[in-house]
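So the mapping is simple: the working numbering equals the position in the sequence shown, first residue as 1, plus 34. Encoded as C-alpha cells, the structure appears first; notes follow it.
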Amino acid sequence: LTQTPPAPHRAIKARQGDSRTPPSLHRIMRLTSLAAVALLAALCSGGASLASAEEPYVVELDVVLSKKKGKKPAGGVVKIEVHPDWAPVGAARFKEIVGAGIWDWNRFFRVVPDFIVQWGIPGDKALTGVWQSKRIPDDPVLETNARGTITFATSGANSRTSQVFINFKDNAMLDKQGFAPFGKVIEGMDIVDAIYDGHGGDPDQGQIQAKGNQYLRKEFPKLSYIRRARLPGQMPSADDSSEETTEESPEDKDEM
35 LTQTPPAPHR
45 AIKARQGDSR
55 TPPSLHRIMR
65 LTSLAAVALL
75 AALCSGGASL
85 ASAEEPYVVE
95 LDVVLSKKKG
105 KKPAGGVVKI
115 EVHPDWAPVG
125 AARFKEIVGA
135 GIWDWNRFFR
145 VVPDFIVQWG
155 IPGDKALTGV
165 WQSKRIPDDP
175 VLETNARGTI
185 TFATSGANSR
195 TSQVFINFKD
205 NAMLDKQGFA
215 PFGKVIEGMD
225 IVDAIYDGHG
235 GDPDQGQIQA
245 KGNQYLRKEF
255 PKLSYIRRAR
265 LPGQMPSADD
275 SSEETTEESP
285 EDKDEM
C-alpha cells in the first residue's frame with residue numbers, strides 16, 4: 035500500500051466582486067481587509083508552528099547484546115537524543131513507536147558491519163500489519179547520516195513505518211537518497227558497535243512480519259535485541275524485571 039503525501043496547500047483566492055460594480059472605496063477597503071486577514075493568518079500559523087516545536091529529548095534503549103543460560107545478560111543502555119527540528123515527522127513517529135511499546139524484545143535483524151544496524155519490525159506478529167499500514171510522508175534531509183545518527187528505513191518515497199537504523203560510520207551517500215536523520219546516539223555507541231553481526235542481513239523480513247520473534251528466536255537465537263525502550267519520564271512497567279516469554283502456542287509451532 036502506498037500512502038499519498040499531503041496535498042500541497044492551495045492558494046486562497048479572494049472572491050472577485052460583482053463585475054457590474056465599478057471600483058470604489060468600499061471595494062478597496064474590502065480587498066485590504068482580506069489581505070490583512072491573510073497576513074494575520076500566516077503570522078498566526080507561523081507562530082503556532084514555532085510554539086509547537088519540540089525541544090530535543092532523550093530516549094533510552096535497554097540493549098541485550100548476548101544471553102547465556104544461567105548468566106547475567108551482557109549489554110547496556112543506549113541513549114538517543116531526538117531532534118524534532120531535524121525531521122519533525124520522523125521524530126513524531128519515533129515518539130509514537132516508543133510510547134506504544136512495540137520495540138520491547140525487538141531484534142536487531144539486519145547488522146551490516148561498517149554500515150548500519152537496523153530494527154523495528156514488531157516482534158508481535160499481530161501488530162505487524164497495523165504498523166505496515168501506518169506510513170508517513172518523507173521529511174526533507176536537513177542533517178547528514180553521520181556515525182551515530184538514527185534514521186528511518188524506507189522502501190521508496192513516503193513509505194516510512196516503524197523500521198529505523200543507526201549509522202556505524204559516516205554514510206553521507208544516504209543523504210541524496212532521501213534518508214533523513216532525526217536524532218543521534220549520545221551515550222552507548224560502544225554498545226551499538228558490539229551488537230551481534232554474525233547473521234548480517236540473513237533474517238528474512240517477510241518471515242519476521244509473518245511470524246515475529248518466534249521465527250527469529252528459532253532461526254537466529256544469537257541476535258542482540260532491545261529489552262525496553264523508554265521516553266523521558268516514562269515509568270518502568272511492572273514487568274520490567276521479567277524475562278521474555280518464549281512459550282509457543284500450538285499455532286506458532288505449526289507455522290515453524
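All residues carry an ideal CB built from backbone N, CA and C; glycine is no exception. What you are looking at is a predicted structure, and each value in this text was computed from that prediction instead of being measured.
query	result
Straight-line gap, Q268 to D96 (C-alpha atoms, nearest Å)	14 angstroms
Distance CB(T185)-CB(P215) smaller than 9 angstroms	yes
Sequence-distant residues of the same chain with beta carbon closer than 8 angstroms to G109, five excluded per side	D96, V97, V98, L99, S100, I225, S258 and R261
Three-state secondary structure assigned by DSSP to P213	Inspection of the sequence shows that residue 213 is occupied by Phe rather than by Pro. It is coil, neither helix nor strand.
Start and end residues, beta strand (DSSP E) containing R194	Taken as a continuous stretch (DSSP letters only), R194 belongs to no beta strand (DSSP E), as it is neither H nor E.
G212 beta carbon less than 9 angstroms from that of A191	yes
Local Cβ density within 10 Å of I136, reported as buried at 16 or more and exposed below that	buried
Neighbour-count burial assignment, P266, 16 or more Cβ in a 10 Å radius	exposed
Continuous beta strand (DSSP E) stretch holding Y259: start and end	Y259 to R264
Anticipated Cβ contact below 8 angstroms, G240 with K256, distance rounded	Rounded, the Cβ-Cβ distance is 21 angstroms, inconsistent with contact.
Unbroken stretches of the alpha helix (DSSP H), 4 residues or longer, contained in the segment 130-174	159-166
C-beta contact flag for P93 and F128 at 9 angstroms	Looking at the sequence provided, one finds Val at residue 93 rather than Pro. In this structure, F128 lies closer than 9 angstroms to V93 by Cβ.
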